[in-house]
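Numbering (the numbering used here), first residue to last: -4 to 61.
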């Protein structure tokens, strides 16, 4: 039900934040252009999905975990 949806969205938000952190490391340190571009694409996509999940949590009267 709703509680499971909220928990799923919260956990996926945490998961995406971890992915952003890892991909940003490549963006900052990778020397191969295609790898850097792929990593930046991952950062952009994960940030977009985090915003979507935050909106979905708000619709359910919840917030991302701190």
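We treat Cβ as the ideally placed atom computed from N, Cα and C, and that holds for glycine.
Through-space distance from residue j to residue i, alpha-carbon basis
| i | j | result |
| --- | --- | --- |
| residue 46 | residue 30 | 25 Å |
| residue 26 | residue 61 | 33 Å |
| residue 63 | residue 19 | Here the chain covers residues -4 to 61 and nothing more, so residue 63 does not appear. |
| residue 57 | residue 9 | 15 Å |
| residue 44 | residue 24 | 24 Å |
| residue 39 | residue -1 | 27 Å |
| residue 28 | residue 36 | 12 Å |
Cβ separation of residue i and residue j, assumed to be a contact under 8 Å, to the nearest whole Å
| i | j | result |
| --- | --- | --- |
| residue 48 | residue 17 | Incorrect: roughly 18 Å between the Cβ atoms, too far for contact. |
Residues near residue i by beta carbon distance below 7 Å, same chain, minus five either side
| i | result |
| --- | --- |
| residue 21 | 30, 31, 34 |
| residue 59 | 5, 8, 49, 52 |
Nonlocal neighbours in the same chain, by C-beta distance under 6 Å from residue i, ignoring five residues either side
| i | result |
| --- | --- |
| residue 51 | 4 |
| residue 41 | 11, 14, 15 |
Pair within 8 Å by beta-carbon distance, residue i and residue j
| i | j | result |
| --- | --- | --- |
| residue -3 | residue 55 | yes |
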